[in-house]
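Read through the structure below, which is laid out as C-alpha cells, and then see the notes.
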Amino acid sequence: MFLLFFQVIKCKAAVLWGLKQPYSIEEVEVAPPKAYEVRIKILATGICRTDNNATTGAMPAKFPVIGGHEATGIVESIGEGVTTVKPGDKVIPLVVPQCGICSACKSPNSNYCEKIDVTGRGVLSDGTSRFTCKGKPVYHFMNTSTFSEYTVVEESSVVKIDAAAPPEKVCLFGCAFSTGYGAAINTGKVTPGSICAVFGLGGVGLSIIIGCKAAGASRIIGVDINPRKFERAKAVGATECINPKDYTKPISEVLKEMTDNSVGYTFEAIGHHHTMVEALASCHMNYGTSVVVGDPPASSMLTYDPMLVFTGRTWKGCIFGGWKTKNDLPKLVADYMAKKFDLDHLITHVLPFNKIKDGFDMLNKGESIRTVLTF
Ligand code: PAD
Ligand code: ZN
Ligand code: ZN
1253 MFLLFFQVIK CKAAVLWGLK QPYSIEEVEV APPKAYEVRI KILATGICRT DNNATTGAMP
1313 AKFPVIGGHE ATGIVESIGE GVTTVKPGDK VIPLVVPQCG ICSACKSPNS NYCEKIDVTG
1373 RGVLSDGTSR FTCKGKPVYH FMNTSTFSEY TVVEESSVVK IDAAAPPEKV CLFGCAFSTG
1433 YGAAINTGKV TPGSICAVFG LGGVGLSIII GCKAAGASRI IGVDINPRKF ERAKAVGATE
1493 CINPKDYTKP ISEVLKEMTD NSVGYTFEAI GHHHTMVEAL ASCHMNYGTS VVVGDPPASS
1553 MLTYDPMLVF TGRTWKGCIF GGWKTKNDLP KLVADYMAKK FDLDHLITHV LPFNKIKDGF
1613 DMLNKGESIR TVLTF
C-alpha cells in the first residue's frame, strides 16, 4: 500500500508547447514527490490573465510547460520530511511560497519569498521537473502547474485549508482574490472615507474593489474599456464605472474633475505601461498612492514624467497582495467560510477541464471574469 503512493501517475494536463500556441490537453507522467515535496490531486483551477501571458511571452515560462496557478486540491502523497500537510488534506498550491528561512520570509514586511518563480525557471529546487510528456521533460509554471489532474510542488508552495471549503470557489484564493484584496488592504492601505479608482475590472480588479469597500472607501470608481464589466464591478462595490473610450481627454483629468481632485488611491490591474502611468497620474499629486498589480510585460521599459512622483505621490507594487501565504491563506479561507467575502460575482463560468480552450477564448474576448475548470 505504501509503495502505491510512490508510483508515477499518468494523467491529463494542459501543456503549452511553445509561445503563441494554445494549451493542448495531453497525457503526462507525474513523478512521485521527492523529499520536501507534495503531490496534489487538483480539484478546481481558475484561469488567470497571467496564464494567458505565458502564451504571449509577457510572463516568462520555460517550454514545454504546464500552466495554471490558481487552484484547490487534495494531497495525494508526500515526500520524506514533509510535516505541514498529509495525504487527504485539502490544500491551495502557492504561487508565492513561504520557505520561512529566506530574508523576505524572515522580514515582517515582505512576502517575496526567494523560492518564487516569476522568471520562468520551470524546475523545483533540485533543478529538475516532475513532469514528462511523450518522453520529454515538461516544466513547472510558477511553482504550481495546476492545469493538470496531478501536480508536484515543494512543501513551501502548499498550504492546508479548511476541509469543508468549496474547491470551485476557494481556488480564487490561490491568485485573483488574495492578490486584489491584499493590494487594497495591505499594499494600498486604503483608509475609511477615501476615494479609490480601479483600472481593469477582471478577477483581480473586482477583488481590489472588494478590498477598497472592506476598508471603508466612500467612492470606488471602476475604469475599463469593456463596459460589459461594469455590472459585476458595481455588484461587488464600485460606486461608478467609466470607460476611457467615452472621453477625449486623459482619464486622469476625468477622475480629477469627477472627484474635485481627491482620488486617494489608484490600482492598475491590467498590465500595460500606459495604464500604469495613467493610474499614477490619477491619484492626488501629493497624498495619492498608486499600486501596480497588473503584470508588467517581460523585458520592457517604462518611461514616465518624474514630476509625477516628485510632487509626493507614492508608487508601489505588490505580488500576491502582500500576503505571507502559508500564514495568511488559511485565515482568508476561514473568513470566506464565515461569509466575510462573496466570490460569486467573480466566477462567471464553471467548465470541465477539457473545455480549457473555451475558457481562454472567453477571457480573450472579454466575456468572462473568472472561469473555473473542474476535474
Ligand atoms: P483580466 O484580463 O481578466 O482583466 C483585465 C481587464 O482590463 C479587462 O476587463 C480588460 O477589459 C481591461 N482593460 C484592458 N485594457 C484596458 C485599458 N487600456 N484601459 C482600461 N481597462 C483595460 O485580467 P486579471 O484580472 O486576471 O488580471 C489583471 C492583471 O493582474 C494581469 O496583468 C495579471 O497578469 C495581473 C496579476 N498580478 C498578480 C500580482 O501578484 N501582482 C496576480 C495575478 C494577476
Ligand atoms: Zn494569477
Ligand atoms: Zn522564503
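Following my numbering, the numbering of the sequence shown begins with 1253 at its first residue and continues without gaps.
Think of the CB as a built atom: it goes at the ideal place given N, C-alpha and C, for glycine as much as any other residue.
Supposed contact pair residue j and residue i - C-beta distance, whole angstroms, cut 8 Å
{"i": "I1460", "j": "I1494", "result": "Contact flag wrong, Cβ pair sits at about 16 Å."}
{"i": "A1469", "j": "V1442", "result": "6 Å"}
{"i": "L1458", "j": "A1485", "result": "6 Å"}
{"i": "E1401", "j": "A1265", "result": "7 Å"}
{"i": "K1209", "j": "P1274", "result": "Nothing can be reported for residue 1209, as the shown portion of the chain is limited to 1253 through 1627."}
{"i": "L1598", "j": "A1467", "result": "Incorrect: roughly 18 Å between the Cβ atoms, too far for contact."}
{"i": "G1331", "j": "S1446", "result": "About 47 Å; that fails the 8 Å criterion."}
{"i": "L1625", "j": "I1299", "result": "7 Å"}
{"i": "C1263", "j": "V1280", "result": "7 Å"}
{"i": "K1501", "j": "T1541", "result": "Not really, about 23 Å apart at Cβ, beyond 8 Å."}
Exposure label - residue i; buried when at least 16 CB within 10 Å
{"i": "H1526", "result": "exposed"}
{"i": "L1271", "result": "exposed"}
{"i": "P1285", "result": "buried"}
{"i": "K1592", "result": "exposed"}
{"i": "M1253", "result": "Confidence in M1253 is poor, its pLDDT being 43 and thus under 50, which makes the residue's placement unreliable; the coordinate value appears in the next sentence. M1253 should be labelled exposed."}
{"i": "V1267", "result": "buried"}
{"i": "G1483", "result": "For the sequence presented, residue 1483 should be read as Glu rather than Gly. Its Cβ having fewer than 16 others within 10 Å, E1483 is exposed."}
{"i": "D1303", "result": "buried"}
{"i": "M1559", "result": "exposed"}
{"i": "T1297", "result": "buried"}
{"i": "Y1433", "result": "buried"}
{"i": "T1396", "result": "buried"}
Nearest-angstrom Cα separation, counted from residue j out to residue i
{"i": "M1394", "j": "H1321", "result": "7 Å"}
{"i": "C1385", "j": "D1378", "result": "20 Å"}
{"i": "L1255", "j": "V1317", "result": "Low local confidence applies: a pLDDT of 47 at L1255 is under 50, so the model's placement there is unreliable, with the coordinate-based value given in what follows. Roughly 28 Å between the two C-alpha positions."}
{"i": "S1359", "j": "G1352", "result": "10 Å"}
{"i": "V1422", "j": "L1584", "result": "10 Å"}
{"i": "I1477", "j": "G1440", "result": "23 Å"}
{"i": "H1524", "j": "G1546", "result": "7 Å"}
{"i": "V1347", "j": "S1408", "result": "10 Å"}
{"i": "A1356", "j": "Q1350", "result": "9 Å"}
{"i": "C1464", "j": "S1504", "result": "19 Å"}
{"i": "M1528", "j": "M1510", "result": "20 Å"}
{"i": "H1392", "j": "S1551", "result": "21 Å"}
{"i": "P1444", "j": "M1589", "result": "25 Å"}
{"i": "T1307", "j": "C1448", "result": "32 Å"}
{"i": "F1315", "j": "V1390", "result": "7 Å"}
{"i": "Y1364", "j": "K1497", "result": "36 Å"}
{"i": "F1627", "j": "S1514", "result": "47 Å"}
{"i": "P1548", "j": "T1566", "result": "18 Å"}
{"i": "P1479", "j": "A1490", "result": "13 Å"}
{"i": "R1471", "j": "E1492", "result": "8 Å"}
{"i": "E1406", "j": "K1576", "result": "16 Å"}
{"i": "W1269", "j": "F1258", "result": "27 Å"}
{"i": "F1383", "j": "H1536", "result": "49 Å"}
{"i": "E1328", "j": "G1319", "result": "20 Å"}
{"i": "A1417", "j": "I1437", "result": "23 Å"}
{"i": "T1335", "j": "D1613", "result": "40 Å"}
{"i": "E1619", "j": "K1481", "result": "9 Å"}
Element boundaries [alpha helix (DSSP H), containing residue i]
{"i": "Y1588", "result": "T1577 to M1589"}
{"i": "T1527", "result": "H1525 to S1534"}
{"i": "L1560", "result": "M1559 to F1562"}
{"i": "V1488", "result": "F1482 to V1488"}
{"i": "I1503", "result": "I1503 to M1510"}
{"i": "V1358", "result": "It should be pointed out that residue 1358 corresponds to Lys in this sequence rather than to Val. Element bounds for K1358: S1355 to K1358."}
{"i": "E1420", "result": "P1419 to V1422"}
Cβ pair residue i, residue j closer than 7 Å
{"i": "N1606", "j": "G1564", "result": "no"}
{"i": "I1294", "j": "G1333", "result": "no"}
{"i": "T1431", "j": "G1573", "result": "yes"}
{"i": "L1581", "j": "V1411", "result": "yes"}
{"i": "G1455", "j": "I1621", "result": "yes"}
{"i": "G1611", "j": "T1600", "result": "no"}
{"i": "G1426", "j": "A1323", "result": "yes"}
{"i": "I1413", "j": "I1368", "result": "no"}
{"i": "L1424", "j": "L1603", "result": "no"}
{"i": "E1520", "j": "A1531", "result": "yes"}
{"i": "V1488", "j": "I1522", "result": "no"}
{"i": "G1372", "j": "A1310", "result": "no"}
Unbroken beta strand (DSSP E) run spanning residue i, endpoints
{"i": "S1276", "result": "S1276 to V1282"}
{"i": "A1296", "result": "E1289 to G1298"}
{"i": "L1268", "result": "I1261 to L1268"}
{"i": "S1329", "result": "E1322 to I1330"}
{"i": "G1474", "result": "R1471 to V1475"}
{"i": "G1569", "result": "T1566 to G1569"}
{"i": "T1384", "result": "F1383 to C1385"}
{"i": "I1461", "result": "Not the beta strand (DSSP E): I1461 falls in the alpha helix (DSSP H), residues G1455 to A1466."}
{"i": "A1449", "result": "I1447 to F1451"}
Any chain C beta carbon closer than 7 Å to residue i
{"i": "K1607", "result": "Absence of chain C from the displayed structure is noted, only one protein chain being present."}
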